[in-house]
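Line by line, the protein sequences are chains U and V. With full-length UniProt numbering applied, the first sequence covers 1 to 222. With full-length UniProt numbering applied, the second sequence covers 1 to 222. C-beta atoms are modelled at their ideal positions from N, C-alpha and C, and glycine is treated no differently. Reading through the structure tokens given below for one structure.
There are 2 protein chains.
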Amino acid sequence: MTIEIGFLLFNGMTQLDFAGPFEVLSRVPGARVHLVADSLDPITADTHLRLLPTVTYDDCPALNVVCVPGGPHVESVYENAAAIDFLRRQAAQADYVTSVCTGSLILGVAGLLDGYKATSHWTSLPLLAHFGAVPTKGRVVTDRNRITGGGVTAGIDFGLTVAAALVGETAAKMIQLGLEYDPAPPFNSGHPDVADKEITDAVLAAMQDRLDTRFKRAAEFA
Amino acid sequence: MTIEIGFLLFNGMTQLDFAGPFEVLSRVPGARVHLVADSLDPITADTHLRLLPTVTYDDCPALNVVCVPGGPHVESVYENAAAIDFLRRQAAQADYVTSVCTGSLILGVAGLLDGYKATSHWTSLPLLAHFGAVPTKGRVVTDRNRITGGGVTAGIDFGLTVAAALVGETAAKMIQLGLEYDPAPPFNSGHPDVADKEITDAVLAAMQDRLDTRFKRAAEFA
Chain U
1 MTIEIGFLLF NGMTQLDFAG PFEVLSRVPG ARVHLVADSL DPITADTHLR LLPTVTYDDC
61 PALNVVCVPG GPHVESVYEN AAAIDFLRRQ AAQADYVTSV CTGSLILGVA GLLDGYKATS
121 HWTSLPLLAH FGAVPTKGRV VTDRNRITGG GVTAGIDFGL TVAAALVGET AAKMIQLGLE
181 YDPAPPFNSG HPDVADKEIT DAVLAAMQDR LDTRFKRAAE FA
Chain V
1 MTIEIGFLLF NGMTQLDFAG PFEVLSRVPG ARVHLVADSL DPITADTHLR LLPTVTYDDC
61 PALNVVCVPG GPHVESVYEN AAAIDFLRRQ AAQADYVTSV CTGSLILGVA GLLDGYKATS
121 HWTSLPLLAH FGAVPTKGRV VTDRNRITGG GVTAGIDFGL TVAAALVGET AAKMIQLGLE
181 YDPAPPFNSG HPDVADKEIT DAVLAAMQDR LDTRFKRAAE FA
């Protein structure tokens with residue numbers, strides 16, 4: 001039986017939010033992965049990488065797993081009625097409704113996290129409360145059939161968690177070994193809980209304008 | 001001053017070999033990242049993802065960093081005289097000559113690892129000896145200006161190592177925090193040193209035909 005997995009793509013997304021779980025889930029036995037967008041025109045990520053969708057919202061089959069990546073421009077999706085409608089329609093029948101990074105804010109805007117524990121990129125985690133979700137710190141947070149991943153690289157841990165839910169731990173462990181996922185970061189600076197305060201402050205300062213906009217927009221949904 | 005960074009793209013590459021270090025290095029202050037291929041037509045990864053190159057071999061500027069990802073079809077690049085010539089030409093003047101995963105086999109075929117310690121995907125590490133390299137187990141292996149990463153996901157650790165070499169540890173740690181790279185794999189199965197033997201055997205069995213071809217082709221260069 002085919003497992004239909006769909007990722008929402010949009011301009012300004014962070015490509016690694018998508019690329020990590022995409023690589024993992026493409027290796028799930030029986031999976032067919034769809035890259036879903038407004039049209040089949042190239043999508044431009046925040047890093048200017050251009051990649052090609054495989055299907056439009058209307059032509060996408062019923063999905064077993066729907067996944068929404070994030071990025072600096074998630075707000076552009078809030079008003080995209082076709083994208084939000086696509087997510088609601090798929091979520092109503094999907095086995096798993098999922099996100100990586102600030103993709104959870106998009107799920108929130110679509111009303112799909114109301115009453116659910118969920119996570120997001122560390123800079124944006126509190127915002128989930130505006131959408132009725134319960135902000136929950138964690139690399140991967142599962143609440144019933146909602147599975148949300150933390151920031152960017154958490155998408156690999158997320159992908160392996162979803163793979164295990166779909167086809168079991170043995171298959172997920174084989175994928176992990178194939179991807180040689182035995183991480184050894186050269187620095188210990190991947191979360192504010194462990195990073196030097198100066199580093200955290202510098203990252204927040206560099207993102208301040210973007211975060212101001214993000215907080216203001218999320219508050220409009222409260 | 002602009003730091004020019006170029007990734008070789010080719011059909012059948014593993015997209016995450018590229019996507020991890022691409023995401024990291026795109027965030028290096030002053031970096032301009034080029035995706036280099038035979039033409040500007042879409043490249044199709046082994047997972048069928050299609051992405052768009054930004055420049056051809058001839059139009060690519062002199063690079064400070066040249067990086068070669070790997071994938072199940074690295075052998076197709078061995079006979080691609082234009083690609084091999086591009087790598088030799090850039091390597092002659094680049095600050096860093098690098099690879100992720102089985103991209104090191106391509107560097108080997110181009111004669112760029114002769115006498116250098118280097119790593120590769122765990123399934124293919126011994127093959128580097130056929131190209132005069134010294135196979136060296138490691139997530140990231142640095143020998144003079146050659147920096148090679150292990151399999152697929154090692155590209156993130158590799159990217160942060162290269163970022164620190166280019167612009168210093170503080171900037172690299174900021175990138176790590178922005179990418180929330182504080183990995184927490186749900187299983188401990190990312191390398192044969194830690195995976196269950198049954199998992200390793202199953203992965204090797206599934207790859208046997210491809211590995212037979214890869215070993216045979218590498219032996220022709222000895």
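Checklist entry - What does V:R88 reach in chain U if we use C-beta pairs closer than 7 Å? => result In the second sequence, residue 88 of chain V corresponds to position 88, counting from 1. Within 7 Å Cβ-Cβ: nothing; V:R88 doesn't reach chain U, min ~26 Å.
Checklist entry - Over what stretch of residues does the alpha helix (DSSP H) that includes V:R32 continue unbroken? => result Residue 32 of chain V sits at position 32 when you count from the first residue of the second sequence. That residue, V:R32, is in no alpha helix (DSSP H); its beta strand (DSSP E) goes 31 to 37.
Checklist entry - What residue does the alpha helix (DSSP H) around V:L204 start on, and which one ends it? => result The residue labelled residue 204 of chain V in the question sits at position 204 within the second sequence. For V:L204, the enclosing alpha helix (DSSP H) begins and ends at 197 to 219.
Item to check | Secondary structure, alpha helix (DSSP H): runs of 4+ residues fully inside the UniProt domain "DJ-1/PfpI" (6 to 163) of chain V | outcome: 15 to 26, 75 to 78, 81 to 91, 103 to 109
Checklist entry - How many whole angstroms separate the CB atoms of U:L211 and U:T123, which I take to be in contact at a CB cut-off of 8 Å? => result Start at 1 with the first residue of the first sequence, and residue 211 of chain U comes out as number 211. Start at 1 with the first residue of the first sequence, and residue 123 of chain U comes out as number 123. With 8 Å as the limit, U:L211 and U:T123 qualify as a contact, their Cβ atoms being about 6 Å apart.
Next on the checklist: For U:E23 and V:L160, what's the separation of their Cα atoms in angstroms?
Outcome noted: Position 23 of the first sequence, counted from the start, is the residue given in the question as residue 23 of chain U. Position 160 of the second sequence, counted from the start, is the residue given in the question as residue 160 of chain V. Rounded to whole angstroms, U:E23 to V:L160 spans 20 Å at the Cα level.
Next on the checklist: Just to make sure I have the definition right: I need the residues of chain U whose C-beta is within less than 8 Å of the C-beta of V:E169. Which are they?
Outcome noted: Counted from its first residue, the second sequence places residue 169 of chain V at position 169. Going along chain U in sequence order, the residues near V:E169 (Cβ under 8 Å) are F187.
Item to check | Whether U:V100 touches U:P69 by CB criterion (8 Å) | outcome: On the first sequence, residue 100 of chain U is found 100 positions in, with the first residue counted as 1. On the first sequence, residue 69 of chain U is found 69 positions in, with the first residue counted as 1. Yes.
Next on the checklist: Using a Cβ-Cβ cutoff of less than 8 Å, which residues in the same chain neighbour U:S39 once the five nearest sequence positions on both sides are dropped?
Outcome noted: What you label residue 39 of chain U is simply residue 39 of the first sequence in a count that begins at 1. Excluding sequence neighbours, U:S39 sits near P53, T56.
Checklist entry - If we ignore side chains and look at the alpha-carbon of each, how far apart do V:Y181 and V:I156 end up? => result The sequence position of residue 181 of chain V within the second sequence is 181, counting from 1. The sequence position of residue 156 of chain V within the second sequence is 156, counting from 1. When rounded, the distance between both Cα atoms is 9 Å.
Next on the checklist: With a threshold of 8 Å between beta-carbons, can V:M13 be considered close to chain A, or not?
Outcome noted: The structure shown contains no chain A; its protein chains are U and V.
Checklist entry - Looking only at DSSP bridge pairs, what is U:I3 linked to? => result Translated into positions along the first sequence, residue 3 of chain U becomes position 3. Its beta-bridge partners are U:A31.
Checklist entry - Are the beta-carbon atoms belonging to V:A154 and V:R139 less than 8 Å from one another? => result If you number the second sequence from 1, residue 154 of chain V lands on position 154. If you number the second sequence from 1, residue 139 of chain V lands on position 139. Yes, Cβ-Cβ distance for V:A154 and V:R139 is below 8 Å.
Checklist entry - For the putative contact between U:F131 and U:V109, defined by C-beta atoms under 8 Å, what is the C-beta separation to the nearest angstrom? => result Sequence index remark: in the first sequence, residue 131 of chain U carries index 131 (1-based). Sequence index remark: in the first sequence, residue 109 of chain U carries index 109 (1-based). Yes, they are in contact, since the Cβ atoms of U:F131 and U:V109 sit about 7 Å apart, within 8 Å.
Checklist entry - Which residues in the same chain have their Cβ closer than 7 Å to the Cβ of U:P126, if we skip the five residues on either side of it in sequence? => result Locating residue 126 of chain U in the first sequence gives position 126, where the first residue counts as 1. Non-local beta-carbon contacts of U:P126 in its own chain, meaning distances under 7 Å to residues more than five positions away in sequence, involve P135 in chain order.
Item to check | Alpha carbon of V:K137 to alpha carbon of V:T119, nearest angstrom | outcome: Walking along the second sequence from the start, residue 137 of chain V turns up at place 137. Walking along the second sequence from the start, residue 119 of chain V turns up at place 119. The alpha-carbon atoms of V:K137 and V:T119 are separated by roughly 6 Å.
Item to check | Members of the stretch 171 to 185 of chain U near chain V, C-beta cut-off 8 Å | outcome: A172, K173, M174, Q176, L177, G178, L179, E180, Y181, D182, P183, A184, P185
Checklist entry - What does V:L160 touch in chain U if you count any residue whose Cβ is under 8 Å from its own? => result On the second sequence, residue 160 of chain V is found 160 positions in, with the first residue counted as 1. In chain order: P185, P186, F187.
Next on the checklist: Can you list, in chain order, the residues of its chain with a C-beta nearer than 7 Å to that of U:G20? Leave out the 5 residues immediately preceding and following it.
Outcome noted: By one-based count along the first sequence, residue 20 of chain U stands at place 20. Answer for U:G20: T153, G155, I156, G159, listed in chain order.
Checklist entry - Measuring from the CB of U:N11, is there a heavy atom of the ligand ZN at a distance below 7 Å? => result This structure does not include the ligand ZN; it has no bound ligands of any sort.
Item to check | Distance, U:G115 Cα to V:L9 Cα | outcome: Counted from its first residue, the second sequence places residue 9 of chain V at position 9. Counted from its first residue, the first sequence places residue 115 of chain U at position 115. When rounded, the distance between both Cα atoms is 44 Å.
Next on the checklist: Strictly below 9 Å CB to CB, what residues from chain U border V:F22?
Outcome noted: Residue 22 of chain V sits at position 22 when you count from the first residue of the second sequence. Result: Q15, L16, A19, T47, L49.
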